[in-house]
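Here the structure comes first, spelled out in structure tokens, and everything after it is commentary.
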Ligand SMILES: [Mg+2]
């Protein structure tokens with residue numbers, strides 16, 4: 003599998019910088035945004051992203067609002083919510099809104115890596131199924147000799 007391409011969205015700058023560096027060492031290409039608004043703008047310019055790791059508690063657009071917007075802009079991207087004490091309820095709501103998984107802060111880097119890899123794989127398999135369905139649709143339209 004080619005390296006997952008992910009975005010970290012979190013208002014805690016030192017946290018984002020540390021995690022991005024650690025993920026980079028583990029063959030995960032990471033870009034960052036420090037607010038929900040910035041995350042959405044960055045997503046629009048990087049539509050090939052596989053996974054977004056999203057903080058629940060941020061000033062301005064919070065994690066849930068950002069999640070809803072991400073799913074509008076790019077429904078196939080998988081989202082992992084980062085939650086802290088007191089924001090567990092939002093993580094549960096996020097899962098109901100289509101987040102792939104959640105992690106409690108401060109998060110263990112190995113847990114984060116394995117969730118990112120699983121989310122990335124799910125996203126790519128989902129894309130492959132869509133491609134496969136498109137081929138089937140073409141075949142059913144033009145018959146089996148279309149590719150001959
Ligand atoms: Mg925060």
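Numbering (the numbering used here), first residue to last: 3 to 150. We treat Cβ as the ideally placed atom computed from N, Cα and C, and that holds for glycine.
Could you say which of the options lies nearest to residue i if we only look at CA atoms?
i: residue 11; options: 48, 102, 57, 47; result: 57
i: residue 7; options: 33, 14, 17, 93; result: 33
i: residue 89; options: 20, 107, 42, 44; result: 107
Rounded to whole angstroms, how far is the Cβ of residue i from the Cβ of residue j, which I believe are closer than 8 Å?
i: residue 125; j: residue 84; result: In fact, because the Cβ distance is near 18 Å, the residues do not count as touching under 8 Å.
For a test of the three-state rule: what should DSSP assign to residue i, helix, strand or coil?
i: residue 78; result: coil
i: residue 115; result: helix
With a threshold of 8 Å (Cβ to nearest heavy atom), would residue i be considered close to ligand 1?
i: residue 60; result: yes
i: residue 91; result: no
i: residue 39; result: no
i: residue 95; result: no
i: residue 12; result: yes
i: residue 57; result: yes
Query - Contained beta strand (DSSP E) runs [length at least 3] in the segment 29 to 63, N- to C-terminal order - result: Complete beta strand (DSSP E) runs here, min 3: 31 to 35, 53 to 57.
Report task. Could you tell me which uninterrupted alpha helix (DSSP H) segments, each at least 4 residues in length, are contained entirely in the segment 78 to 109, listed from first to last along the chain? Result -> DSSP assignment within the segment 78 to 109 yields the following whole alpha helix (DSSP H) runs of 4 residues or more, N-terminal first: 90 to 98.
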